[in-house]
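One structure below.
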Amino acid sequence: MKNKNIISSFKCAIEGIISAYKSERNIKIQIEIMLLVIIMGIILENSLIEWIIIITLFCLIIATEMINTAIEYTIDLAMPKKNDMVKKAKDISAGAVLIFVIGSSIIGLLIFVPKLIALFN
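The sequence shown begins at 3 in this note's numbering and counts up by one.
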């Protein structure tokens with residue numbers, strides 16, 4: 003059902019974010035990691051462009067995790083019985099999140115490792 007106005011749309015979106023946070027362990031873990039990265043970024047004095055990259059990646063990681071969750075819920079609703087196609091669809095969706103997390107982690111290492119090396123030299 004379509005929302006009648008923008009306020010209703012925002013309310014539904016916020017409810018979705020809260021629901022995902024409350025029910026999804028991976029989202030909680032990713033938010034905890036995000037907080038640690040923010041603390042490290044403050045301590046290591048990230049540049050503006052580094053902050054833009056980090057914030058963009060974290061938003062995209064959380065968004066892809068939420069899309070993955072929505073896909074899994076939709077599949078479970080449509081296909082309550084387990085079968086190979088359901089497993090493949092869920093695995094592919096989870097794999098997409100994993101690829102994004104790995105790529106983001108590599109970018110994070112490229113940002114932070116040189117700073118840590120410089121700090122300890």
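Note that beta-carbon positions come from the ideal geometry of N, C-alpha and C, so glycine has one too. Just so it is clear, the structure is predicted and the values come from calculations on it, not from any experiment.
Is the distance from the Cβ of E67 to the Cβ of I29 below 9 Å? Mapped onto the sequence shown, residue 67 falls at position 65. Mapped onto the sequence shown, residue 29 falls at position 27. Yes, the pair counts as a contact, with Cβ atoms nearer than the cut-off.
Can you give me the start and stop residues for the alpha helix (DSSP H) that M68 sits inside? Along the sequence shown, one-based indexing puts residue 68 at 66. From DSSP, the alpha helix (DSSP H) with M68 extends over 50 to 80.
Could you check how far apart the C-beta atoms of I113 and I55 are, in whole angstroms? I think they sit under 8 Å. Within the sequence shown, residue 113 is the residue found at index 111, counting from 1. Within the sequence shown, residue 55 is the residue found at index 53, counting from 1. Confirmed, about 7 Å.
Please state if the CB of T58 and the CB of A22 are separated by a distance shorter than 9 Å. Counting from one through the sequence shown, the residue named residue 22 turns up at place 20. Counting from one through the sequence shown, the residue named residue 58 turns up at place 56. In this structure, T58 does not lie closer than 9 Å to A22 by Cβ.
Cβ-Cβ separation, V39 to G105 (assumed contact under 8 Å), whole Å: Taking the sequence shown and counting its residues from 1, one reaches residue 105 at position 103. Taking the sequence shown and counting its residues from 1, one reaches residue 39 at position 37. Their Cβ separation, rounded to whole angstroms, is 15 Å, which puts G105 and V39 out of contact at 8 Å.
In this structure, does DSSP put L1 in helix, strand or coil? Here the chain comprises residues numbered 3 to 123, so residue 1 is not present and cannot be evaluated.
To which residues of the same chain is I77 closer than 8 Å at the C-beta, ignoring the five residues directly before and after it? Start at 1 with the first residue of the sequence shown, and residue 77 comes out as number 75. V88, A91, K92, listed in sequence order.
Look up K84 in the DSSP assignment and say whether it is helix, strand or coil. Taking the first residue of the sequence shown as position 1, residue 84 is located at position 82. Of the three classes helix, strand and coil, the one that applies to K84 here is coil, per DSSP.
When the Cα atoms are used, what is the spatial distance from I35 to L46? For the purposes of this step, residue 35 is taken as the residue at position 33 of the sequence shown. For the purposes of this step, residue 46 is taken as the residue at position 44 of the sequence shown. Approximately 16 Å, taken between the alpha carbons.
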